[in-house]
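Q: Taken in sequence, the protein lines are chains A and B.
The opening position of the first sequence corresponds to residue 193 in my numbering, with each subsequent residue numbered one higher.
The opening position of the second sequence corresponds to residue 193 in my numbering, with each subsequent residue numbered one higher.
Sharing a structure with you now.
Number of protein chains: 2
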Amino acid sequence: MEALIPDYKDEKPLTAVMEDYLEIIFTLSREKRIVRVRDIAKRLGVKMPTVTSMLKVLNDRGLIAYEKYEFLDLTDKGLSIGREINRRHRVLRNFLTDILKINIERSDEEACKMEHGISHFTLDRLVKFLEFIQDCSLSGSSLIDNFGEYILSEKRSEEI
Amino acid sequence: MEALIPDYKDEKPLTAVMEDYLEIIFTLSREKRIVRVRDIAKRLGVKMPTVTSMLKVLNDRGLIAYEKYEFLDLTDKGLSIGREINRRHRVLRNFLTDILKINIERSDEEACKMEHGISHFTLDRLVKFLEFIQDCSLSGSSLIDNFGEYILSEKRSEEI
DNA sequence: CCAACTTGTTAGGGGTTTCTAACTTTATTT
DNA sequence: AAATAAAGTTAGAAACCCCTAACAAGTTGG
Chain A
193 MEALIPDYKD EKPLTAVMED YLEIIFTLSR EKRIVRVRDI AKRLGVKMPT VTSMLKVLND
253 RGLIAYEKYE FLDLTDKGLS IGREINRRHR VLRNFLTDIL KINIERSDEE ACKMEHGISH
313 FTLDRLVKFL EFIQDCSLSG SSLIDNFGEY ILSEKRSEEI
Chain B
193 MEALIPDYKD EKPLTAVMED YLEIIFTLSR EKRIVRVRDI AKRLGVKMPT VTSMLKVLND
253 RGLIAYEKYE FLDLTDKGLS IGREINRRHR VLRNFLTDIL KINIERSDEE ACKMEHGISH
313 FTLDRLVKFL EFIQDCSLSG SSLIDNFGEY ILSEKRSEEI
């Protein structure tokens, strides 16, 4: 029955791992002209055969255009997902670094793990909150500076 | 080599799913006198056989004390992990409800997915931030009320 | 007490993601 | 151009977590 309807291939939601691959591919394609299996493997901390098999999955699901031994590209759908995950990552990381004063390495690492659980809706709300705090800081009281001092005043700050 | 050292059984970190089970068991054991397979299954949205097999794993890893057809208990180790995950859940959920004004159902759902990625360190920092904001609100300016109004003033609030 | 129901377990299988070992293809070097 | 190195692929296996179907154990009601 479903087989007759052309665009019903991908009802299944993407896994967090698939989202990770799309985000990495998105990022790499901004940094370099071509995206290589080797680079994806290095970024994700997996071996090359793992990447190869995932690329097949992503290709079958219409998220990337890929033929073996050739370069790969994100499709429109893959691009929009990769971009969205990347946006979640940046927003969460900014919250961790700018508001909570967590150092950049840890922020990056934890944003990476939290970015799959947060919805578009909640992320938008977080963006608004960050903007709101920014506005507050501009108009004199500088809430975040106060929080920074509040954190620092407790001597058990093993990092900033 | 390691086999000779008694307490080196579990170097492998727990998976997010294992943490979920421990958290649910922790929560259920507070709510009721006994924890049942059926209740765990219902909370986690899985079938009973799935729970049974996970209980074996958790038992083998010394996180619960469990014999088939008998009641189960968390060990000290399992208890401390379950409690910690539960704490992360509550803090994250409070952030989502109290600061970002996300409704409780969504907050609960997303806290559940984010709680595994956040470190103890970052969580402590988040707790401090929530306390700090609380203090700010007490001393007149009521930052969070202002943010609540800021959110409301945008008419596209499909929820609060 | 026996039937019916609920609860829990085994057995067996499937999808996802990872790995190592061995191979092929492409790129570089001499 | 042939030899070597690097990049990529298959094949096959394992860990993890889920499922259904069937069976076993406990509980309840006639």
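No residue lacks a Cβ here, since even glycine has one placed at the ideal position from N, Cα and C.
1. Thinking C-alpha only, which one of B/268, B/302, B/321 and B/264 is nearest residue 291 of chain B?
2. Short of 6 Å in beta carbon distance, which residues of its chain neighbour residue 198 of chain B, apart from the five on each side in sequence? Order them along the chain.
3. Put residue 258 of chain A into one of helix, strand or coil per three-state DSSP.
4. Under 8 Å between C-beta atoms, does residue 262 of chain A make it to chain B?
5. Tell me which residues share the same chain as residue 303 of chain A and place their Cβ nearer than 7 Å to its Cβ, disregarding the 5 neighbours each side in the sequence.
6. Take residue 298 of chain B as the anchor and find which of A/273, A/313, A/211 and A/260 has the nearest alpha-carbon.
7. Three or more C-beta pairs closer than 8 Å, one from the region 238-257 of chain B and one from the region 213-225 of chain B: is that the case here?
8. Whose Cβ in chain A lies nearer than 8 Å to the Cβ of residue 291 of chain B?
9. Is there a Cβ from chain A that is less than 8 Å from the Cβ of residue 248 of chain B?
10. Rounded to whole angstroms, what's the CA-CA distance from residue 242 of chain A to residue 327 of chain A? Just pull it up for me.
11. Within a Cβ cutoff of 7 Å, which residues of the same chain sit near residue 296 of chain B, ignoring the five residues on either side of it in sequence?
12. Going by DSSP, name the residue or residues bridged to residue 220 of chain A.
13. Starting from the N-terminal side, write out each stretch of the beta strand (DSSP E) that is 3 residues or longer and does not extend beyond the region 228-314 of chain A.
14. Is the Cβ-Cβ distance between residue 309 of chain A and residue 246 of chain B less than 8 Å?
15. I need the DSSP call for residue 196 of chain A, collapsed to helix, strand or coil.
16. Is residue 279 of chain A close to chain B, meaning its C-beta is less than 8 Å from at least one C-beta of that chain?
17. So, residue 210 of chain B versus residue 250 of chain B, is the Cβ gap smaller than 8 Å?
18. For residue 225 of chain B, which three-state DSSP category applies?
19. If you drop the 5 nearest sequence neighbours on each side, which residues of the same chain put their C-beta closer than 8 Å to that of residue 277 of chain A?
20. Sort A/203, A/221, A/324 and A/323 by Cα distance to residue 271 of chain A and report the nearest one.
21. Compute the distance between the beta-carbons of residue 238 of chain A and residue 264 of chain A, then report whether it is under 8 Å.
22. Please list, in chain order, the chain B residues whose beta carbon lies closer than 9 Å to that of residue 237 of chain A.
23. Taking only beta-carbon positions, decide if residue 210 of chain A is within less than 8 Å of chain B.
24. Could you compute how far the alpha carbon of residue 229 of chain B sits from the alpha carbon of residue 261 of chain B?
25. Would you decide whether residue 273 of chain B is buried or exposed? Buried here means 16 or more other CB atoms lie within 10 Å of its CB.
26. Would you mind sorting residue 293 of chain A into buried or exposed? The rule is 16 or more other CB atoms within 10 Å of its CB.
27. By how many angstroms is the C-alpha of residue 275 of chain B removed from the C-alpha of residue 234 of chain B?
28. List the residues of chain A that residue 317 of chain B touches, going by C-beta distances under 8 Å, in chain order.
29. Candidates B/244, B/316 and B/279: which alpha carbon is nearest residue 259 of chain B's?
A: Inspection of the coordinates gives the following:
1. Mapped onto the second sequence, residue 291 of chain B falls at position 99. For residue 291 of chain B, the nearest C-alpha among the options comes from B/321.
2. Numbered from 1 along the second sequence, position 6 holds the residue referred to as residue 198 of chain B. Low local confidence applies: a pLDDT of 48 at residue 198 of chain B is under 50, so the model's placement there is unreliable, with the coordinate-based value given in what follows. Nothing meets the Cβ criterion.
3. As a first step, residue 258 of chain A must be located in the first sequence, where it is residue number 66. The three-state reading of DSSP puts residue 258 of chain A in strand, counting E and B together.
4. Stepping through the first sequence from its first residue, residue 262 of chain A is reached at position 70. At a cut-off of 8 Å between beta carbons, residue 262 of chain A makes no contact with chain B.
5. Taking the first sequence and counting its residues from 1, one reaches residue 303 of chain A at position 111. The residues are 281, 284, 285 and 288.
6. Here residue 298 of chain B refers to the residue found at position 106 of the second sequence. Nearest C-alpha to residue 298 of chain B: A/313.
7. yes
8. Position 99 of the second sequence, counted from the start, is the residue given in the question as residue 291 of chain B. Those within 8 Å of residue 291 of chain B in chain A are 321.
9. Locating residue 248 of chain B in the second sequence gives position 56, where the first residue counts as 1. Taking Cβ atoms only, chain A never reaches closer than 8 Å to residue 248 of chain B, which makes this a no.
10. Here residue 242 of chain A refers to the residue found at position 50 when the first sequence is read from its first residue. Here residue 327 of chain A refers to the residue found at position 135 when the first sequence is read from its first residue. Their Cα atoms are separated by approximately 45 Å.
11. In the second sequence, residue 296 of chain B corresponds to position 104, counting from 1. Cβ neighbours of residue 296 of chain B beyond the five flanking positions: 289.
12. Counting from 1 along the first sequence, the entry for residue 220 of chain A is found at position 28. Answer by DSSP bridge pairing: none, since residue 220 of chain A is not bridged.
13. Qualifying beta strand (DSSP E) stretches, in chain order: 256-258 and 264-266.
14. For the purposes of this step, residue 309 of chain A is taken as residue 117 along the first sequence, with counting starting at 1. For the purposes of this step, residue 246 of chain B is taken as residue 54 along the second sequence, with counting starting at 1. Not closer than 8 Å, so no.
15. Reading the first sequence from its first residue, position 4 is the one you call residue 196 of chain A. Low confidence applies here, because residue 196 of chain A scores a pLDDT of 43, under 50, leaving its location unreliable; read the following figure in that light. Correct three-state label for residue 196 of chain A: helix.
16. Here residue 279 of chain A corresponds to residue number 87 of the first sequence, with the count starting at 1. Closer than 8 Å: no.
17. If you number the second sequence from 1, residue 210 of chain B lands on position 18. If you number the second sequence from 1, residue 250 of chain B lands on position 58. Cβ distance < 8 Å, so residue 210 of chain B and residue 250 of chain B count as in contact.
18. If you number the second sequence from 1, residue 225 of chain B lands on position 33. Residue 225 of chain B falls in the coil class under three-state DSSP.
19. Reading the first sequence from its first residue, position 85 is the one you call residue 277 of chain A. Correct list, in chain order: 211, 212, 214, 215, 218, 307 and 308.
20. As a working note, residue 271 of chain A is residue 79 in the first sequence. Closest by alpha carbon: A/221.
21. Numbered from 1 along the first sequence, position 46 holds the residue referred to as residue 238 of chain A. Numbered from 1 along the first sequence, position 72 holds the residue referred to as residue 264 of chain A. In this structure, residue 264 of chain A does not lie closer than 8 Å to residue 238 of chain A by Cβ.
22. Locating residue 237 of chain A in the first sequence gives position 45, counting from the first residue. In chain order: nothing, as chain B lies at least about 15 Å away.
23. One-based indexing of the first sequence puts residue 210 of chain A at position 18. Answer no: the Cβ-Cβ gap between residue 210 of chain A and chain B never drops below 8 Å.
24. Working through the second sequence from its first residue, we reach residue 229 of chain B at position 37. Working through the second sequence from its first residue, we reach residue 261 of chain B at position 69. About 10 Å.
25. Looking up residue 273 of chain B in the second sequence gives position 81. Buried.
26. The sequence position of residue 293 of chain A within the first sequence is 101, counting from 1. So residue 293 of chain A counts as buried.
27. By 1-based counting over the second sequence, the position of residue 234 of chain B is 42. By 1-based counting over the second sequence, the position of residue 275 of chain B is 83. If you take the alpha carbons of residue 234 of chain B and residue 275 of chain B, they lie about 20 Å apart.
28. The count along the second sequence starts at 1 and reaches residue 317 of chain B at position 125. Those within 8 Å of residue 317 of chain B in chain A are 292, 293, 294 and 343.
29. Numbered from 1 along the second sequence, position 67 holds the residue referred to as residue 259 of chain B. Checked all of B/244, B/316 and B/279; the closest Cα to residue 259 of chain B is B/244.
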